Structures are given as C-alpha cells and as structure tokens.
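1 is the number of the first residue of the sequence shown in UniProt numbering; add one for each residue after it.
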Amino acid sequence: MDPGRLHRFPRLPLRRLRDGPHGLEPRRLDMRRFLLALPFALAACAGSDVISPTLPPNYLSDAPRILAATDWSNPDSVTVTMTNFEFSPSELNLRRDRAVRLVFVNPSTKDHTVVSDQFFREVATRQVVGPNGATAAPWLSKLVVPSGETKEIWLVPARYGAYHFQCDVTGHSALGMNGIINVIP
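So, in structure tokens, the structure goes:
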C-alpha cells in the first residue's frame, strides 16, 4: 500500500447491509398485534394484593399486639376515590394508635394500586376487605383495587409522620396519582 495514496475499500451494496445473517431481511414487528396486546399487558401490571402473615424485614414487629389491644367497635373512616389518575382526597389525616377503616373506591375503567413502603411498614393491618371477603394479616405492602371495585384496609397507624403513597401501575404516578398520609396525634 502506497502511504501517499488513499486506499479505497470495496463498496458493499446497501441491500447486503440490511440483510440478516442468512440473506433474509429481519422480521418486522407487527404493530397491530402489539397494539392489541398492549392493554392486556398494562392491566397485568397491577398484580394482586401483597399481604404477609409472617413478619417481613423492617416492618412493625409488634403489630399482632397492637391489633389485639385496639378497640375496633368505632373506627375512624376515610374514603379515597381513585379516578382520572388521581386520588381524591390526595392528603389523608389519620390519628396515631386509632383504628382506621381506609376505603379505596375505584369507579374508573383502569386497575389501580396503593403503595407506600414506609407507611405500610409502620402500621398494623388487621384485614383487607374486598368483594371476595376479608383477608386477615398484620403486614401489607401493596393494595390492588381492580376497575369498578372497592377495597378496605383496617389498620392502626403506630408512628407519627408524613408518608407518600402512589399508584405503581406503569405511568400512573407520573400522571399525578400520588398522595400524602399524615399520621397525627
């Protein structure tokens, strides 16, 4: 090769650059199939309630004792409606060491969730009540409220604080489905 001369490499036809390893064009995504499957895939993102009968790491260890010592005859009741990618009201005030019946109503056409890592770690959950009955367990980490359903969480807040909660279905929190739970005296 002459150092003073430019060397030209042979040009490959563009067709070859597009061809796959066996001379075949790569498969293309059928957009219609994708768009038909998308709503089902997104609906599956909600999942199901996550309730534990055994103590998860970093959760309130004395939840069973708190639940047994609580008077459940007249709980405070708070109702939250889940519509148009928002919780209404988005700010909740719950009293510490008081029985609370927290009701989530979902009249929308989409499934929603309630997730609050720190709040759920610092409450004792007596039960989750839904259309199929009640599930008793002192530790909860996620509540799923399917479209058109209502669910209740019966709980006792054990520590003061302001706790962020959100819907963790893909994109819902980014659209504004967030709130604050204040545990007050």
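Glycine included, every Cβ here is placed at the ideal spot set by N, Cα and C.
Quick caveat, the model's predicted, so the values are computed rather than measured.
Proximity winner among the options, relative to residue i (alpha-carbon distances)
i, options, result
"F153", "A68, T79 and Y59", "The residue you asked about is not Phe; residue 153 is Ile in the sequence shown. Cα-wise, what sits closest to I153 is T79."
"P138", "L92, Q127 and D168", "Q127"
"R98", "D111, D76 and H112", "D76"
"A63", "D168, V114, A162 and R121", "R121"
"G176", "S90, D111 and S116", "S90"
"T113", "L140, R101, L55 and N93", "L140"
"P107", "N58, F119, F85 and Q118", "F85"
"P53", "T125, T109 and V169", "T125"
"D71", "R101, P57 and P131", "R101"
"G130", "L143, Q118 and T170", "L143"
"Q166", "N132, Y160 and F119", "F119"
Buried or exposed by the 16-neighbour rule on C-beta atoms within 10 Å, applied to residue i
i, result
"A69", "exposed"
"S73", "exposed"
Whether residue i touches residue j by CB criterion (8 Å)
i, j, result
"I66", "V156", "yes"
"I184", "R95", "yes"
"D111", "S88", "no"
"A158", "L60", "yes"
Local conformation of residue i per DSSP, three classes
i, result
"R101", "strand"
"F87", "strand"
"A158", "coil"
"D71", "coil"
"A137", "coil"
"S173", "coil"
"R95", "strand"
"residue 211", "With the chain running from 1 to 185 in the structure shown, residue 211 is simply not present."
"D62", "coil"
"D76", "strand"
Cβ distance (whole Å) where residue i is taken to contact residue j below 8 Å
i, j, result
"T150", "F104", "7 Å"
"V145", "M82", "6 Å"
"H172", "S116", "About 14 Å separates the two Cβ atoms, so there is no contact after all."
"N93", "N182", "5 Å"
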